[in-house]
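Residue 242 in the working numbering sits at position 222 of the sequence shown, with consecutive numbering throughout.
What follows is a short report on a single structure.
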Amino acid sequence: MRRLIATFELVGPLLMVLAIGLANPAQAQRATLTGKVTDAESGEALPGANVVVVSSDIETGAATKTDGQFVVRNLPPGTYKVTVSYIGYETKVLDNVTVSAGETKNIAVSLGVTGIEFNAIAVSASRREEKTLDAPASITVLEAREIQTEVAPSSSALLRNVTGIDMASTGVDRKEIVLRGFNNAFSGAAYVLTDYRQAAVASLGVNVHSIMPNMSVDLDRVEIVRGPGSALYGAGVDAGVIHYLTKDPFAFPGTTVSVGGGERSTFAGQFRHAGVVSDRVGYKITGQFTRADDFELNPNDPLDAQQLANDAKDPNTGQPLNPRNYDYKKFNINGELEYRFSDKTTLSINGGFSSLDAIVLTGIGTVQADNFGYTYVQARLRSGNFFAQTYLNRNDVGDSFVYGTGTPLVDNSTLFNIQTQYEFNFAQGKENLVVGFDYDRTTPKTGGTIYGRNEDRDLISEPGFYAQSATKISDQLDFIFGGRADFNNIQDEFQLSPRVALVYKPTPQHSLRLTYNRAFASPGNNSNFLDIVAREPDATLPIRIRG
21 MRRLIATFEL VGPLLMVLAI GLANPAQAQR ATLTGKVTDA ESGEALPGAN VVVVSSDIET
81 GAATKTDGQF VVRNLPPGTY KVTVSYIGYE TKVLDNVTVS AGETKNIAVS LGVTGIEFNA
141 IAVSASRREE KTLDAPASIT VLEAREIQTE VAPSSSALLR NVTGIDMAST GVDRKEIVLR
201 GFNNAFSGAA YVLTDYRQAA VASLGVNVHS IMPNMSVDLD RVEIVRGPGS ALYGAGVDAG
261 VIHYLTKDPF AFPGTTVSVG GGERSTFAGQ FRHAGVVSDR VGYKITGQFT RADDFELNPN
321 DPLDAQQLAN DAKDPNTGQP LNPRNYDYKK FNINGELEYR FSDKTTLSIN GGFSSLDAIV
381 LTGIGTVQAD NFGYTYVQAR LRSGNFFAQT YLNRNDVGDS FVYGTGTPLV DNSTLFNIQT
441 QYEFNFAQGK ENLVVGFDYD RTTPKTGGTI YGRNEDRDLI SEPGFYAQSA TKISDQLDFI
501 FGGRADFNNI QDEFQLSPRV ALVYKPTPQH SLRLTYNRAF ASPGNNSNFL DIVAREPDAT
561 LPIRIRG
């Protein structure tokens with residue numbers, strides 16, 4: 021027994037040393053990345069800065085501590101892209117950060133405070149990338165850092181302080197937004213895009229911002245173009261363009277969750293998760309849910325009482341057929357898959373579904389949106405100067421109905437679009453030419469509840485061709501000339517929308533524009549085919565017939 025104990029006392033430490041020695045090579049295969057994030061001007065530490073470390077095989081990260089220090093452990097040897105961001109500061113990306121087996125690499129990152137960008141990059145004014153001061157239209161760009169610091173209950177509310185925006189609230193989370201002309205309920209005047217896809221409700225052409233897949237956690241920027249855009253976007257784009265552009269999964273990997281609440285028992289939650297599977301494949305999933313108690317009509321108020329009196333009644337009891345439902349709910353889920361064939365060629369496929377329960381003011385009276393569904397799918401291909409896309413938007417109004425009649429609504433309409441575009445550059449960049457073609461096909465399917473007797477002849481087909489030339493006459497003067505031709509099968513004719521502009525920049529920070537646009541507002545499905553009973557006539561109303 022004593023010999024056994026003595027043997028263990030001798031061999032035990034040797035085994036421990038051997039185990040540690042065997043473990044060290046395995047541990048040495050991993051690397052550690054450390055560093056400190058500071059203010060570029062003052063040198064003060066930035067606590068809570070986000071550090072994301074990405075390679076083709078791994079995605080990880082850390083947040084800086086109160087002293088600005090961060091540590092990312094257990095990194096396989098290799099080359100990484102390190103992205104450091106902090107609200108109110110510029111985002112810095114360090115490419116090709118290489119770590120070896122067993123190495124502890126230290127990096128120092130200083131971030132500069134971001135100011136107001138007066139000359140941001142925009143794509144909506146000319147359907148190509150250009151500085152806002154070079155654009156032949158007045159344009160405002162809200163960038164990601166402004167969106168992150170803005171406290172807004174919805175993405176549409178982000179626009180409330182933009183010059184030229186006329187915004188009216190028609191519900192606890194419903195906004196009517198126009199850029200030109202008068203505002204009204206159920207407005208579709210502004211041409212609203214999400215990632216180059218028209219986001220309006222198919223057939224009706226109405227901008228229901230509540231069901232659009234634009235959420236603050238996923239917005240990269242919002243571009244607002246004041247003025248007509250028919251010369252590039254087609255007939256009917258005579259009242260400005262609002263373009264929501266979301267974050268790329270390669271440039272913005274990681275997970276973000278936002279939760280908020282407030283009066284009217286409001287709860288709002290959003291999430292975004294994006295990642296990179298390899299150097300070529302990226303993905304993104306986003307979603308949101310909001311519920312609230314909408315504003316109620318007061319039966320003791322004369323005006324509210326009159327509106328309630330217009331609701332359809334049961335002829336036997338005199339009670340409303342459908343009592344007002346003030347519970348507001350919206351739900352949205354989206355997904356995107358992006359494949360990079362090369363540095364210049366990218367294919368992106370995305371889709372989503374939205375559902376809305378809410379009281380909605382419309383041109384035919386108050387509507388109860390009950391499980392109002394909206395679905396979209398889109399595919400975009402970009403290769404160098406070539407761009408192509410196709411998408412399909414579809415409605416499903418669920419059990420929605422009009423309060424004035426109690427009549428249920430049916431709407432399974434679709435909007436199909438296909439588009440191609442190419443950008444040419446000549447004369448060492450002094451001449452730029454954008455040419456393109458797109459085709460819209462709107463197919464209403466309302467079961468006669470919206471377009472009534474016109475249900476069988478309300479399909480609208482609109483092909484269009486466009487081109488725009490931008491010539492740099494001098495370092496301070498640009499000349500832009502463009503136009504578009506659209507054919508509408510209902511009007512049975514082509515409509516021309518020209519654009520001519522001179523952009524003069526006396527200094528790099530200022531520009532003066534002299535522009536001419538002519539926009540044609542092609543009548544939509546509502547203008548051409550609306551055939552609906554908004555309210556049943558009052559049974560007590562005397563009717564006299566004279567011959």
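Where is the CB? At the ideal position from N, CA and C, for every residue including glycine.
Own chain partners of residue i with C-beta closer than 8 Å, once the 5 adjacent residues on each side are dropped
i: K85; result: P67
i: V192; result: R284, T286, A312, D313, D314, F315 and Y348
i: G404; result: K364 and T365
i: I510; result: I480, P543 and N548
Proximity to residue i [Cα-Cα], best of the options
i: E283; options: A447, S62 and A312; result: A312
i: L199; options: S189, L114 and V182; result: V182
i: V119; options: V104, P96, T103 and S130; result: P96
i: G426; options: L453, L341 and Y536; result: L341
i: R538; options: T395, V523, S517 and L522; result: S517
i: D127; options: E61, R360, Y106 and V102; result: Asp is not the amino acid found at residue 127; the sequence shown has Ile there. Nearest option by C-alpha distance: V102.
i: F202; options: D186, L213, K195 and T214; result: D186
i: Y264; options: R241, T275 and V277; result: R241
i: F373; options: L367, A408 and R414; result: R414
i: G418; options: L435, V277 and T395; result: T395
i: Q488; options: Q496, Q441 and D476; result: Q441
i: R180; options: D458, I197, T169 and R165; result: I197
i: F206; options: P322, V296 and N227; result: N227
i: A447; options: V430, E475, I493 and R473; result: I493
i: A51; options: K125, A220 and R402; result: K125
i: F270; options: K333, R360, V454 and V161; result: R360
i: R246; options: V171, P156, Q218 and K333; result: P156
i: P173; options: K350, N116 and A332; result: K350
i: T527; options: D334, P322, Q496 and L534; result: Q496
i: A332; options: G81, R93, F421 and A541; result: F421
Bridge-paired residues (DSSP) for residue i
i: V171; result: Answer by DSSP bridge pairing: none, since V171 is not bridged.
i: E358; result: G302 and S368
i: S374; result: N352 and Y394
i: N452; result: N445 and A490
i: F206; result: Answer is none; F206 lacks a bridge partner.
i: A521; result: I500 and T535
i: Y211; result: V261
i: A325; result: Answer is none; A325 lacks a bridge partner.
i: G132; result: Looking at the DSSP assignment, G132 forms no beta bridge with any residue, so it has no partner.
i: T160; result: I244
i: D363; result: DSSP lists no partner for D363.
i: G468; result: Answer by DSSP bridge pairing: none, since G468 is not bridged.
Beta carbon of residue i nearer than 7 Å to that of residue j
i: V91; j: T54; result: yes
i: G503; j: A251; result: yes
i: L381; j: F392; result: no
i: S433; j: S223; result: yes
i: T310; j: A288; result: yes
i: V520; j: F501; result: yes
i: Y423; j: T462; result: no
i: T491; j: E451; result: yes
i: A399; j: I438; result: no
i: Y216; j: V261; result: no
i: V71; j: V104; result: yes
i: G355; j: I305; result: yes
i: I167; j: L239; result: yes
i: S572; j: D268; result: This structure does not reach residue 572, given that the chain is present from 21 up to 567, and the question cannot be answered.
i: P273; j: E64; result: no
i: V237; j: Q290; result: yes
i: L357; j: Y411; result: no
i: G108; j: A60; result: no
i: L401; j: L435; result: no
i: D478; j: N546; result: no
Residues of its chain near residue i, where Cβ-Cβ distance is below 7 Å and the 5 sequence neighbours each way are ignored
i: L317; result: D324, Q327, L328 and R344
i: F138; result: Low confidence applies here, because F138 scores a pLDDT of 48, under 50, leaving its location unreliable; read the following figure in that light. Excluding residues within five positions, the ones whose Cβ falls inside 7 Å are Q529.
i: N234; result: S175, T214 and Y264
i: V129; result: G55, V57, V104 and K112
Residues near residue i by beta carbon distance below 6 Å, same chain, minus five either side
i: L532; result: Y524
i: Q89; result: K56
i: D460; result: N437 and E482
i: G280; result: A288
i: G254; result: G484 and D506
i: D551; result: Y471, G472, R473 and N474
Length at least 3, wholly inside the segment 45-127: the beta strand (DSSP E) runs in chain order: 51-59, 70-74, 79-83, 89-95, 98-105 and 112-119
Minimum length 4: unbroken alpha helix (DSSP H) runs contained in the segment 219-298: 250-253
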